[in-house]
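Heads up, the thing below is written out as structure tokens.
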Amino acid sequence: MTLGKERALFMSNPSPADQVDLEVYRHSTAHILAQAVKRLFPDVKLAIGPAIENGFYYDFEKATPFTPEDLDKIEKEMKKIIGEDLPIVREEVSKEEAVRLFQDQGEKYKLELLEDIPDDVVSLYRQGEFVDLCRGPHLPSTGRVKAFKLLNVAGAYWRGDEKREMLQRIYGTAFPRESELEAYLKTLEEAARRDHRKLGKELDLFSLHEEAGAGLVYWHPKGATVRRIIEDFWRSEHIKRGYDIVYSPHIARRDLWEISGHWGWYRENMYSPIDIDGVEYLLKPMNCPFHILMYKSRTRSYRDLPIRWAELGTVYRYERSGVLHGLQRVRGFTQDDAHLFVRPDQLEDEIVGVIDLMQFMMKSFGYTDYLIELSVRDPRNKEKYAGSDEVWDLAESALVRALERVGLTYTRMEGEAKFYGPAIDVKVRDAIGRAWQGPTIQVDFNLPERFDLEYTGEDNAPHRPVMIHRTVLGSMERFFAGLIEHYAGAFPVWLAPVQVRILPIAERHINKAKEIQNDLTVAGLRVEIDLRNEKIGYKVRDAELQRIPYMLVIGDKEIENDEVSVRCRRRGDLGRMKPDEVKERILAEVASKSV
RNA sequence: GCCGACAUAGCUCAAUGGCAGAGCAGCGCAUUCGUAAUGCGCAGGUUAUGGGUUCAAGUCCCAUUGUCGGCUCCA
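Below you can see the structure in the form of structure tokens.
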């Protein structure tokens, strides 16, 4: 089981030395896999087999697909090879010699790899009858591998190119100790337990409908409640920070997308035009051109800048059918988008402002751990970028200074910038250590140019503003998926779709229960009442399974003393309290947005 | 889109090519109960959709749609 890319990274914080060792260890395990496959299926052709984030894989060309039974057999054979404790021997041979060797074996993929190696001497690794072209290094012998498991089979293109052969990839994982392997498999189980698709169904948060189209999300009342809370919070935090909230249409004439360039370079993600009175309209895949039109609706003074416009903008993008995934990868989604139109001299302060907002929002949703990547130009290849050299230098240094000002450590990604500007990407780590795509801040020199954006400067001359595209949550859909998994469905009280469920013990307690429900509802809490004719144990169990943070039990004792019994999700019975006391306690917890 | 697997009741899953079933949820009745499942009963299905093979198809074949694991891509 390998997880989607957005959340693939299980971070165990290994020391650099351990990491290297683990990589070697897994790479050697991949060779053992290949050896086992060759023993069982001699006709199979070998492609490549590296170590990856949480294990390893090996790609094979085989006429018929591997079955789960094959995987079992391969695992057994691998154990045998480990038992044989074959020495793994490095050999250096001339390229010609290697070509001859792999020609004899009919390993056409290895030959193709050899063609791309410029060196005259290449290294081979040999273990028993098996030999592979490989840079190494490797473990000294196959017996060093202690704990591994094959996980699944999947299709993969040779060299990731969809025009090339489709190979079969076997994924596996390996650890130096059995206990570590078990812990990793437990983590996979935990991830499955938290899967937002499963919880979305169980907690009645959202649905998708085959008959209505793939990748289109239906937010049920409970999911919609969480979204509404997030959106309200989002809006008020933006307004506090000097943003204005805007709205824009969902379609626009094709001409607009030609000016913006999307029709040129983003067309494969856009839906076919809609004909309206003989004019072609396109569903928006992005909000930026709309905000630009608003900018251009009048002349702008240097005094007007920075302009910060935010929109929860619903966009539609074509995604290939094979990539759709729950709420994480959909065809229609709402971005928490904003565009800042700034003077070059304002860039740094504005970036700091965005980083500050982003840190505040992440913390509010319980994410405290993140990795930051700064994507900059490829200094050796400056001509492929939009915007002048000076303005790039200015923007990159503004981003660097902003990051330094807020004291964040980051990784500089040389050459990773888009052609239109440098960017900051944030990956947040969730409760079980997986990294998700978080906020992104993208500087753009291209669209202001294309749309000929201007402001009048102090010098009464026209100047070009710089645009910043940024999102802090990404999209409501993907962010919600992440939140569900981060909290395993047990949202903090301020976000919980149902904050309190009242559990009367017997019918005679119903009136009192309703009274309390009404009181709490009027106070602004989201309260349900369980009137079913069931025992208290049943009602408690159901409320726990629904991850409801507070359960208030009402029976004879409570009515007698004008109290309620308070049970807290996963913490159990807190004892009896006055209704007002509970109310204040929960309201305070909501107000503090405690996570 | 491509490779592979899969699609049976609201959910989780059974059913050699031979009468479509269970548990949970739902509804009814009994019970009125003290912190993670009370008992009995009832109802629930064009087996994803459309074709085909067969005396007979949930089961075999083809196509479509969707889902799952990947490739690729991305908010």
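So that you can map any letter, position 68 of the first sequence is 529 in the working numbering, and since no number is skipped, the others follow by simple counting.
Don't be surprised by glycine CBs; every beta carbon is placed ideally from N, CA and C.
All values derive from a computational prediction rather than experimental measurement.
Which term fits residue i, buried or exposed, when burial requires 16 or more other beta carbons within 10 angstroms of its beta carbon?
i       : result
ASN921  : exposed
ARG487  : buried
GLN564  : exposed
THR634  : buried
ASP520  : buried
SER721  : buried
THR490  : buried
LEU1006 : exposed
HIS670  : exposed
PRO840  : exposed
VAL424  : Missing from the structure shown is residue 424; the chain here goes from 462 to 1056 and no further.
PRO548  : exposed
THR603  : buried
TYR999  : exposed
VAL791  : buried
VAL606  : buried
ASP905  : buried
TRP726  : exposed
GLU663  : exposed
LYS843  : exposed
VAL740  : exposed
So residue i is in the beta strand (DSSP E); what residue range does that whole segment cover?
i      : result
HIS786 : HIS786 -> no beta strand (DSSP E), and no H or E assigned at all.
THR901 : 896–905
LEU832 : 831–837
GLY774 : 768–777
TYR645 : No beta strand (DSSP E) contains TYR645, which is instead part of the alpha helix (DSSP H) from 639–655.
Specify the secondary structure class of residue i as computed by DSSP and reduced to three states.
i       : result
LYS996  : coil
SER473  : For SER473, the predicted structure reports a pLDDT of 46, less than 50, and the residue's modelled location is therefore unreliable. A value from the coordinates is still provided. Note: SER473 maps to coil in three-state DSSP.
SER721  : helix
PRO1064 : Residue coverage of the chain in this structure runs from 462 to 1056, which leaves residue 1064 outside it and unanswerable.
PRO750  : helix
PRO923  : strand
GLY676  : strand
HIS930  : strand
GLU573  : helix
SER709  : coil
ALA615  : strand
THR490  : helix
ILE945  : helix
GLN629  : strand
SER528  : First, the amino acid is wrong: residue 528 is Thr here, not Ser. Three-state result, THR528: coil.
ARG1037 : strand
VAL740  : strand
VAL1056 : coil
GLN807  : helix
LEU801  : strand
HIS599  : coil
ASP991  : coil
ILE1098 : Missing from the structure shown is residue 1098; the chain here goes from 462 to 1056 and no further.
Enumerate in chain order the residues of its own chain whose CB-to-CB distance from residue i is below 7 Å, with the five nearest sequence positions on each side excluded.
i       : result
ASN1079 : No information on residue 1079 is available, as it lies outside the stretch 462 to 1056 that the chain covers here.
VAL933  : ASP797, LEU818, MET819, MET822 and PRO900
PRO1040 : ILE977, ASP980 and VAL1025
VAL813  : ALA863, ARG866 and VAL867
Please go through the same chain and pick out, in chain order, the residues whose beta-carbon is closer than 6 Å to the beta-carbon of residue i, but skip the five residues on each side of it.
i      : result
LEU785 : ALA675 and GLY676
GLU553 : VAL582 and SER584
ILE509 : ASP520
HIS699 : ALA771
LEU956 : VAL687 and ILE690
Within its chain, find whatever has a CB closer than 8 Å to the CB of residue i; leave out the 5 residues flanking it on each side and keep chain order.
i       : result
LYS1044 : ASP980, LEU981, ALA984 and LEU986
PRO560  : The sequence given here has Val at residue 560, not Pro. Excluding positions up to five away in sequence, the list reads LEU572 and LEU575.
PRO750  : ALA713, LEU717, TRP718, ILE720, SER721, HIS723, LEU908 and PHE912
ILE1015 : ILE963, LEU964, PRO965, ILE966, HIS970, LYS973, ALA974, ILE977, VAL1025 and SER1026
ASP991  : ARG962, ILE963, LEU964, PRO965, LYS1000, ASP1003 and ALA1004
GLN960  : VAL954, LEU986, ARG987, VAL988, ILE1009, PRO1010, TYR1011, ILE1047 and VAL1051
Determine the extent of the alpha helix (DSSP H) in which residue i is found, giving its start and end residues.
i       : result
ASP1041 : 1040–1052
GLN960  : Unbroken run through GLN960: none, as it is neither H nor E.
GLU568  : Run containing GLU568: none; DSSP gives neither H nor E here.
LYS701  : 682–701
Q. Should the segment 921–932 be regarded as contacting the segment 801–808, the criterion being three or more beta carbon pairs within less than 8 Å?
A. yes
Q: Examine the Cβ distances between the segment 941–951 and the segment 909–919 and report whether three or more of them are shorter than 8 Å.
A: no
Q. Between the segment 817–824 and the segment 847–866, do at least 3 Cβ pairs fall closer than 8 Å?
A. no
Q) At a cut of 8 Å, does the segment 540–547 reach the segment 613–626 through at least three beta carbon pairs? A) no
Q) Using 8 Å as the threshold, is the segment 871–881 in touch with the segment 837–853, meaning 3 or more CB pairs across them? A) yes
Q: Could you say if the segment 886–897 and the segment 730–740 meet the contact criterion of at least three C-beta pairs nearer than 8 Å?
A: no
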